[in-house]
Amino acid sequence: MSAIHLQNLVKRFGDFTALKTMDLAIADGEFMALLGPSGCGKSTTMNMIAGMEDPSEGKILFGDRDMAGVPMGRRGVGFVFQNYAIFTHMTVRQNLSYGLRMRGAPRAEIDRRTGAIAELLQLTPMLDRKADRLSVNILQRVAIGRSAIMEPAIFLLDEPLSNVDAAFRAVMRTELKHLQRQFRQTMVYVTHDQLEAMTMADRIAVMDHGVLQQVGTPLDVYNNPANVFVARFIGAPGMNLLMGRPAESDRGLVVDLGPLGVTPPLPDELAAALRARSGDVLYGFRPEQVSIAAEGRGLALPVNFVERIGARTIVHLGQGAGAVKAVFDNDVRVAIGETLVVSPVAASVRVFDAASGVAIGGTG
Amino acid sequence: MSAATDMTPAIAIIPTQKPARDESARLGFRLTLPAQILVLFIAVFPILMQLYISLTDWSPLSGTDWWNAWELWNSFANYTDLVADNRFWSAMWRTAVVMLVCVPAEFLLGLALATLFADEFPGKRLLYSILLMPMMVVPAVAGYMFFMLFQSGGPVNDILSSLTGTRVAIAWLSDPTLALVAVMIADIWQWTPLMFLILLAGLVGVPEDQIKAATLLGANPWQRFTTIVLPKMKTIIIIALAIRVIENFKIFDTLYIMTGGGPGVATETISVYIYKVTTQDLIWGYVAAIALAILIVLSIVAVWAMKRMAAARVAA
């Protein structure tokens, strides 16, 4: 068991800075997801935690221990690779016992612990099968078991589900979360799939272009994105963001969206924060937090496209800078070309500084 | 039989070949017929011819054409002669000694070099080209090079002299043992690069993440090498060894130019012996018998290698 502290971590590859001053504290036993698009520096961060790469600057602490100079074999880190990196020329048993055998553990202990981990992961029936013809979920269990048998304080998982087909991913997610509860280790999980991060992680660290954007619980990053990147990245579809200028009206502070008209009045707290500053803003709201309003009480937009995805219907409204997506129940009656008046749920509205992209006002 | 039954679950996963339908089999046969005829003429026919001649006393000086060699039929006399032929057995033994020294030496040197070249280091590209050069030298030229090097007034003795501080004048190629050593050094010099090249290809193909995984599980470099790298390279190692065993068994050009099989018969390997019997003694029926015996030996090596390779492929 171990907490992880990343302090001012920087990684440069030649002229390219893969990671810019990352500070992150991961608590003991926490499931932390590093989430971001490819090239955001999440894998680099993970590789540095594992010791596969050395940081250019900054420190990595496990508990109080500085990991600088500690080789990867001595860090007590379990690592699950994207493709699992199972030793295909060995049996499942040989894979599971590999670490113990390399360490020269007594034979009786190897047998006992291999048996125990196989039992835990339900691998006992296939212990003596060659590892090159196993299905993906068994490979995942072998990969986890092979690391878990060493009782690592920290588990690192590098996009373990990215090679799995969509239907099976849900099964694997459940299984993985279940395993984490069993092992209770600190887990760092790298993924570009927000669904994986949202469903499994205790907290999510959202990254982009080598910069840590926001750290928070799944609901926190969904409800209160710290900036425009997080707002757009989290959620499917992402948050609607419309450029506008705060304006006073007889009903309170609103945002003047130009040709799209004027928004419904902002909640008091947000209005207060907006009155304290000046300049253009981005008016944001979740597609799921939209209701169809009466004439004159919301944004009137033409329906461009309707995506019916079964349980829900995604309606694409407007075009270009004024494009808005709205998610309704599957039985919503809309037709392409008609004009829909939509109104965001007041409590869900978020406002961002247009220049910096940073969220304005208190969160929540 | 019970062992085979135990294995069935593992084997059942391998897609088993269904009995080919007659029609497609017949079409396949027709399409490959030209190739089959070609193979028949370049491989099967000479072997049958060889077998035929090996049962006779035929030679180019017999005054009959080879297909009439039955007139000189001697049943298995050539083979019984062969069993009693001391020069043949000593040539076989010598060939085996050369092979048992050269092939392992080439393998170990090649593997060490391949391991070195799997990592980056300054000057790697240049060194790589230099390292491959021996392989590209025409063996006869290499033979002449080493013939010059090992003269008693040659560079090898000069270097030994300056290293030891005393004048060294070893007559390398006229000493029975040292001549064999010199020949083996030349072979190792020329063919280690091939071993290196093949093994490097195998080494590069070892999945890097499995090596990383082993490292993360605490395996030290030696353990990683023996438990991951070598098993993964098994197939390619078998190929490399088989190529070199077969080639080394036929060692001729370099050796013949360096020593001519001498002094006496001290470096007479099986190929040199066959060459001499063919060109000097002209008893071709006997040569055919020797050659067939060697073909059988080499076939055993080839079959062994193929079986091991098939096993390794199933394992990997």
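Protein chains in written order, with the numbering used here: chain C, 1 to 364; chain V, 365 to 680.
Where is the CB? At the ideal position from N, CA and C, for every residue including glycine.
Fair warning: this is a prediction, and the values are worked out from it, not measured in the lab.
Alpha carbon to alpha carbon, how far is residue j from residue i? Give it in angstroms, no decimals.
i	j	result
A455(V)	E470(V)	22 angstroms
I615(V)	V651(V)	17 angstroms
P373(V)	R129(C)	Only weak support is given to the placement of P373(V): the predicted model assigns it a pLDDT of 40, under 50, and the question is left unresolved by the model.
F31(C)	A143(C)	18 angstroms
N438(V)	L419(V)	6 angstroms
L415(V)	L395(V)	30 angstroms
G238(C)	A85(C)	34 angstroms
F409(V)	V661(V)	19 angstroms
V665(V)	A606(V)	7 angstroms
R308(C)	N330(C)	7 angstroms
T428(V)	D421(V)	11 angstroms
T263(C)	N83(C)	48 angstroms
S366(C)	V593(V)	Since the first residue shown for chain C is 1 and the last is 364, residue 366(C) is missing from the structure and cannot be characterised.
A68(C)	T44(C)	16 angstroms
A546(V)	A565(V)	30 angstroms
F481(V)	K488(V)	7 angstroms
R251(C)	I292(C)	20 angstroms
L397(V)	S97(C)	53 angstroms
G63(C)	R297(C)	55 angstroms
W553(V)	L542(V)	16 angstroms
R146(C)	A153(C)	14 angstroms
G14(C)	G36(C)	22 angstroms
Are there 16 or more other CB atoms within 10 angstroms of the CB of residue i, so buried, or fewer, so exposed?
i	result
E196(C)	buried
P379(V)	For P379(V), the predicted model reports a pLDDT of 48, less than 50, meaning its position is unreliable and no value from the coordinates is stated.
F510(V)	buried
R350(C)	buried
K59(C)	exposed
T633(V)	buried
F81(C)	buried
A550(V)	buried
F560(V)	buried
P519(V)	exposed
S663(V)	exposed
M497(V)	exposed
I523(V)	exposed
Keeping to the same chain, check which residues put their C-beta closer than 8 angstroms to that of residue i; ignore five residues upstream and five downstream.
i	result
F352(C)	N227, V228, A231, L241, V281, L282, G284, V358, A359 and I360
I417(V)	W430, A433, W648, G649 and A652
A25(C)	A3, I4, H5 and L6
Q182(C)	L120
I377(V)	Caution applies to I377(V), whose pLDDT of 45 falls short of 50 and renders its modelled position unreliable; the model cannot decide the point.
I406(V)	none
For residue i, which residues in the same chain have their Cβ closer than 7 angstroms to its Cβ, ignoring the five residues on either side in sequence?
i	result
D617(V)	P503, A504 and G507
S426(V)	L436
A326(C)	P287, V290, V315, L317 and V342
S348(C)	F285, R286 and Q289
V164(C)	V136 and M172
If distances are taken between C-alpha atoms only, which option among the options comes closest to residue i?
i	options	result
V70(C)	G582(V), A676(V) and K640(V)	G582(V)
L382(C)	A131(C), G39(C) and D158(C)	Not covered by the structure: residue 382(C). The range shown for chain C is 1 to 364.
L134(C)	N95(C), G210(C), I117(C) and Y222(C)	N95(C)
V341(C)	A355(C), D329(C) and E295(C)	E295(C)
Q644(V)	T479(V), N450(V), L619(V) and S423(V)	S423(V)
F168(C)	V136(C), G145(C) and T199(C)	V136(C)
L299(C)	I336(C), V345(C) and D268(C)	V345(C)
L472(V)	A657(V), T631(V), L412(V) and I601(V)	I601(V)
V215(C)	Q319(C), R203(C), Y222(C) and V190(C)	R203(C)
Y620(V)	S635(V), E611(V), A657(V) and I610(V)	S635(V)
W457(V)	G624(V), L646(V), F613(V) and D386(V)	F613(V)
L537(V)	S525(V), S516(V) and T556(V)	S516(V)
L322(V)	I610(V), T479(V) and T642(V)	No answer is possible for residue 322(V): the residues shown for chain V start at 365 and end at 680.
Does the Cβ of residue i lie closer than 8 angstroms to at least one heavy atom of the ligand NAD?
i	result
D54(C)	Ligands displayed in this structure: none; no statement on the ligand NAD is therefore possible.
Could you pull out every residue in the same chain whose Cβ sits closer than 6 angstroms to the Cβ of residue i, ignoring the five residues on either side in sequence?
i	result
E338(C)	V303
T199(C)	R173
I234(C)	Q194, V221 and Y222
F155(C)	G78, Q185 and M187
L260(C)	L299 and G322
Problem set entry | Against chain C: residues of the segment 559 to 584 of chain V by CB proximity under 8 angstroms | P571, D573, Q574, K576, A577, A578, T579, L580, L581, G582, A583 and N584
Problem set entry | Under 7 angstroms (Cβ pairs) to chain V, residues found in the segment 80 to 110 of chain C | Cβ contacts with chain V come from F81, N83, A85, F87, T88, H89, Y98, G99, M102 and R103.
For this session: Using a Cβ-Cβ cut-off of less than 9 angstroms, list which residues of the segment 591 to 617 of chain V approach chain C; keep chain order.
Result: T591, I592, P595, K596 and K598
Exercise. Taking Cβ-Cβ distances below 9 angstroms as the criterion, which residues of the segment 45 to 66 of chain C are in contact with chain V?
Worked result: A50, G51 and M52
Problem set entry | Contacting positions in the segment 380 to 414 of chain V - beta carbon closer than 9 angstroms to chain C | Within the segment 380 to 414 of chain V, no residue places its CB atom closer than 9 angstroms to a CB of chain C.
Problem set entry | Short-range partners of chain V found in the segment 249 to 269 of chain C, where Cβ spacing is below 9 angstroms | none
Exercise. Going along the segment 536 to 562 of chain V in order, which residues come within less than 7 angstroms of chain C, judged by CB to CB distance?
Worked result: none
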